Amino acid sequence: MLVSAPALSVVACTLLGLGGGACLVLALTFRSERAGSSGEAAASAGKTQSIGYLVAAAGPLLLGILHDTTGNWTLPLTVPAVLGIAMAAAGYGAGQDRHGCLPRPR
Numbered sequence: 002m003l004v005s006a007p008a009l010s011v012v013a014c015t016l017l018g019l020g021g022g023a024c025l026v027l028a029l030t031f032r033s034e035r036a037g038s039s040g041e042a043a044a045s046a047g048k049t050q051s052i053g054y055l056v057a058a059a060g061p062l063l064l065g066i067l068h069d070t071t072g073n074w075t076l077p078l079t080v081p082a083v084l085g086i087a088m089a090a091a092g093y094g095a096g097q098d099r100h101g102c103l104p105r106p107r
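Numbering (the working numbering), first residue to last: 2 to 107.
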């Protein structure tokens with residue numbers, strides 16, 4: 002939306018913020034649902050949050066470098082869109098009950 006309709010930047014940024022918040026909640030929920038014990042949940046939380054925050058901190062820097070290299074915003078805004086699609090596919094896969102780990106509905 003930012004690439005094709007820059008006049009709607011407020012709407013695009015609002016949707017991006019809401020989507021990011023929803024993805025964070027889903028990621029935390031999926032991780033806790035898969036843990037077998039509280040110790041396993043704590044170990045998983047430490048590992049995934051460390052990696053996640055490192056990637057999140059590097060993202061703006063790398064997109065800024067990409068913008069400086071290309072001279073426009075088309076590619077730097079396309080990269081997060083493609084990564085968002087990959088994240089949606091990964092979230093869909095993570096939400097599947099493949100190993101019987103998710104609680105059964107009552």
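The beta-carbon is built from N, C-alpha and C at its ideal position, and this holds for glycine as well. Treat the numbers as computed from the prediction; the structure is a model and nothing was measured.
The Cβ-Cβ distance between threonine 75 and valine 4 falls below 8 Å. DSSP places valine 4 in the coil class of the three-state scheme, outside both helix and strand.
In the structure shown, glycine 60 falls within a helical segment according to DSSP collapsed to helix, strand and coil. Bounds of any alpha helix (DSSP H) do not take in glycine 37, whose DSSP letter is neither H nor E. A check of alpha carbon separations from glycine 53 across Leu67, Leu29 and Gln97 identifies Leu29 as the nearest.
CA-to-CA, the gap between leucine 78 and histidine 68 works out to about 9 Å.
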